[in-house]
Structures are given as structure tokens and as C-alpha cells.
Amino acid sequence: MVAPRWKYLQVAKFNVRNYYTMIQYALNSKIRRKYGFYLFTVYLNSIKYRLIFPFHFSILLDLLNYLELQKFIVRKATIVDLGAYVGDYSLAMAALGAKKVLAFEPQRSILNIFKLNLKLNSHLADKIELYPYAVSNK
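Numbering-wise (this note's numbering), the sequence shown opens with residue 1225 and increments by one.
Structural data, given as C-alpha cells:
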């Protein structure tokens, strides 16, 4: 459950120019310890992401590709996300119209954050199947 006193990092139009402002805002925000990590929350194009501080600032830059992904997503397709991490791309694919996202993340602590992100985005949870397994060619 999200604590009501959380300060959320609001991102309306995300670009590199306001990236440093976002970092500065996040550094001044309340960052909570949960699952052994320090977490902060970001809103990006109607998706809520719970990220690990300070390591996930690079994920924010990766999410700039979010709009570019729209060109490649076939609506109603099934997407497989191997090494799904905290669910950043799984959530983006579900929001872009994928029929189903099969997400695989074997690391338990990261899996817990992924599950938290699914709770934050309950409107997308029915499109994402999360599996606590690693995938290999053997």
C-alpha cells in the first residue's frame, strides 16, 4: 500500500532537458525503504513506476524510448519480456495495446518491486503474466 505522505515525482512531458530537474526533485522527495531498497515513484504517460533510488535514474532515460516503441508494437500481440526487472517495459507494452505480456524475472527482491508496480497499475495487471523464472537456451 502506498503511504499517503509520499511525494510523487510528476513527469508530464519527459525529455532530457528536464531530466536533471527531475533528479533534483527526487533527491528532495521523501524516499522510502521497502524490500531492502530505497524507493521513489514516477508517473510517466499514465503509468506509475516504483523505482530504486538512486540506481534507476537510467531507467527514466530508457523510458524516453516509450513513445518510439509505439511504432513497433503490433496491437493485440503477445510480448515476451525476458529479464523483466521492475516491469518498466512490460507495463509500457501493456499500455501500448499488447494483448498479453509474459514477463520473466528470477531475482526475488526485484520481483517484489515488479509486483508493487503491478499493484500501482492495476488497470494493466490483467494483461501481464509474471513468472519468477530465468529463461535459458538449455
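Virtual Cβ for every residue (Gly too), placed ideally from N, Cα, C. This one's a predicted model, so the numbers in the text were calculated from it and none came from an experiment.
- Under a 10 Å Cβ-count criterion, F1296 is classified as exposed, with fewer than 16 other Cβ atoms of the shown protein chains found around its own Cβ.
- Around A1358, the same chain offers P1330 as residues with beta carbons nearer than 6 Å, after the five sequence neighbours per side are excluded.
- Secondary structure of R1274 (DSSP, three-state): strand.
- Selection S1333, K1324 and K1300 evaluated against Y1262 yields S1333 as nearest (Cα-Cα).
- Using a Cβ distance threshold of 8 Å, N1341 and Y1273 count as a contacting pair.
- Residue pairing by DSSP places D1305 opposite A1327 in a beta bridge.
- Taking each of D1312, V1325, V1304 and L1306 in turn and checking the Cα distance to V1266, the smallest one comes out for D1312.
- Shortest Cα-Cα distance from H1347 to any of L1315, L1326 and F1338 involves L1315.
- G1321 is not a Cβ neighbour of K1343, given a cutoff of 8 Å.
- Residue nearest to K1339 within the set M1317, A1319, N1361 and A1308 is A1308 (criterion: CA-CA distance).
- Between L1275 and V1304, the gap from beta carbon to beta carbon reaches 8 Å or more.
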